[in-house]
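Worksheet: one structure, shown below.
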Amino acid sequence: MRWQDIDQQPCSLARTLAIIGDNWTLLVLRDCFMGVRRFDDFQQRLGVTRHVLSDRLRKLTEGGVLDKVAYQERPLRHEYRLTAMGKELYPVIVHLAQWGDKHLAGEHGAPLTRYHRQCGEPLEAQLQCSHCGDVVKPTDIRVEENPYWKGQILVNC
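Residue 1 is where the sequence shown starts when you use full-length UniProt numbering, and the numbers rise one by one after that.
Laid out in structure tokens, this is it:
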């Protein structure tokens, strides 16, 4: 399988990676969740080339993760706002950052700490069952194939 064809796979993770699966895109999303909206601000914070940033913002907009909204008419300027679909990626970003904090932060510790506004305590993101509320570990999960796909070869799922 070639990377440019990954969005054609039946696997939801593969299709997701087609939109958000590279380092610059995840960093753009991180900055979106920290309130960055304008092209020049993204470029200044990330140090990415205009071409690469423009490409990533276009993919996120076409993928429905960001909306491109005009904030100035003369000259025309846009900002990028998370859609409802984009906001649903926040747990993904938090879990990735938390994994990095735990395994890659080094001797000085994590660069940022996320706090729960209601109780003021540091946040530890966890996977939780929406039915019973239990915290779920990988060994607590059973995966079943959708009946539509039964018998078909799902090499990449």
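For each residue, glycine too, the CB sits at the ideal point set by N, CA and C. Since the structure is predicted, the reported quantities are computational estimates derived from the model, not experimental observations.
Rounded Cβ spacing between residue i and residue j (contact assumed at less than 8 Å)
i    : j    : result
V28  : R56  : 5 Å
C32  : L96  : 14 Å between Cβ atoms; not a contact.
H116 : L123 : 5 Å
Euclidean distance between Cα positions of residue i and residue j
i           : j    : result
L60         : I20  : 7 Å
L89         : G64  : 12 Å
D41         : P91  : 23 Å
R142        : L26  : 28 Å
K87         : H108 : 30 Å
residue 166 : R74  : With the chain covering 1 to 157 only, the question about residue 166 has no answer from this structure.
C129        : K137 : 10 Å
Three-way DSSP call (helix, strand, coil) for residue i in this model
i           : result
E79         : strand
A110        : coil
Q128        : strand
residue 162 : Nothing about residue 162 can be reported from this structure: the residues present for the chain run from 1 to 157 only.
For residue i, the nearest candidate out of the options (CA to CA)
i   : options                 : result
W24 : V52, G100 and M34       : V52
R30 : L112, P138, T16 and R74 : L112
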